[in-house]
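Remember, the numbering used here sits 25 above the position in the sequence shown when you count from 1. Heads up, the beta-carbon is just placed ideally off N, CA and C, and yes, glycines get one too. Structure first, commentary second.
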Amino acid sequence: VSKVTIDLTQAHFWDITSVSALDKVVIRFRREGAEVELIGMNDATSTIVDRFGVHDKPEEVEKLLSGH
Numbered sequence: 026v027s028k029v030t031i032d033l034t035q036a037h038f039w040d041i042t043s044v045s046a047l048d049k050v051v052i053r054f055r056r057e058g059a060e061v062e063l064i065g066m067n068d069a070t071s072t073i074v075d076r077f078g079v080h081d082k083p084e085e086v087e088k089l090l091s092g093h
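Dropping the structure here:
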């Protein structure tokens with residue numbers, strides 16, 4: 026798969042557990058070489074993903090993958 030689009034239109038993220046699940050999916054696809062696009066986030070979900078997510082923060086992804 027070269028491109029993945031994750032549609033979050035019907036999703037509402039409430040806590041860090043859901044953000045962590047999204048991070049794992051996005052990071053896994055990107056590690057396999059896929060371009061990942063997230064669409065449809067509402068304002069509340071976008072806020073919590075921006076605050077707690079790491080999939081768009083390369084330095085945090087590296088820490089996660091290296092175990093530090």
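Nearest residue (CA-CA) to residue i, options the options
i, options, result
"I31", "I41, V61, D48 and R56", "V61"
"T34", "M66, I52, R76 and T42", "M66"
Reduced DSSP category for residue i - H, G, I as helix; E, B as strand; rest coil
i, result
"K82", "coil"
"D32", "strand"
"D40", "coil"
Residue range of the unbroken alpha helix (DSSP H) whose run includes residue i
i, result
"V61", "First-last for V61: E60 to I64, but that is the beta strand (DSSP E), not the alpha helix (DSSP H)."
"V26", "No alpha helix (DSSP H) contains V26, which DSSP labels as neither H nor E."
Distance between residue j and residue i (C-alpha atoms, nearest Å)
i, j, result
"T72", "T42", "15 Å"
"T70", "V29", "19 Å"
"L4", "I52", "Because the chain in this structure spans residues 26 to 93, residue 4 falls outside the shown range and cannot be described."
For residue j and residue i, believed in contact at Cβ under 8 Å, the rounded distance
i, j, result
"V44", "V74", "6 Å"
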